[in-house]
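End of the sequence shown = 109 in the UniProt record's numbering, gap-free, step of one.
Ideal Cβ placement from N, Cα and C applies to all residues, glycine included.
Written out below as structure tokens is the structure these notes cover.
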Amino acid sequence: MEATEREEMKQVILDKLEETKQEIEQLKELTKPVEPDNAYGRLSRMDAINNKTINDAALREQKNRLQKLERALDNLEDGKYGDCIKCGDPIPVGRLKFMPWTTRCVKCA
Ligand SMILES: [Zn+2]
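Okay, structure coming up:
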């Protein structure tokens with residue numbers, strides 16, 4: 001990867017990191033324990049629990065993504081970023097911009 005591409009990708013990763021952190025904060029709000037009181041009707045309490053399950057999964061995924069992005073940033077500093085971990089080919093920059101946390105090319109994904 002060329003220096004100019006690396007600079008560009010660094011910005012993409014930093015932006016995505018920020019976005020992911022904000023997403024995690026929002027999901028943390030949404031995944032607070034569901035109150036056991038009668039503030040909800042019975043049905044809407046079940047809705048709240050269902051939504052919480054979905055949001056819990058989303059939160060796990062975002063946390064996972066955050067770790068991958070942090071690793072991507074480390075790799076970028078070490079000059080190891082952008083090569084497929086499976087076949088070793090460079091991952092097209094277009095793909096990296098779309099999914100900067102990815103570590104595999106389309107073929108190997
Ligand atoms: Zn590959």
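Could you tell me which residues DSSP puts in a beta bridge with residue i?
| i | result |
| --- | --- |
| T83 | Looking at the sequence provided, one finds Asp at residue 83 rather than Thr. The partner list for D83 (beta bridge, DSSP) reads P90. |
Considering Cα atoms alone, identify which of the options is closest to residue i.
| i | options | result |
| --- | --- | --- |
| L30 | I49, P36 and I13 | I49 |
| I13 | E70, L59 and R42 | E70 |
| Q22 | P90, L73, D78 and A58 | A58 |
| K63 | E18, A109 and I24 | I24 |
| G82 | S44, T103 and T4 | T103 |
| K97 | M9, A109 and V106 | M9 |
Any heavy atom of ligand 1 closer than 7 angstroms to the beta-carbon of residue i?
| i | result |
| --- | --- |
| R60 | no |
| R104 | yes |
| K86 | yes |
| K80 | no |
| D89 | yes |
| K107 | yes |
Would you call residue i buried or exposed, if buried means 16 or more other Cβ atoms sit within 10 Å of its Cβ?
| i | result |
| --- | --- |
| T20 | buried |
| P90 | exposed |
| K86 | exposed |
| K28 | exposed |
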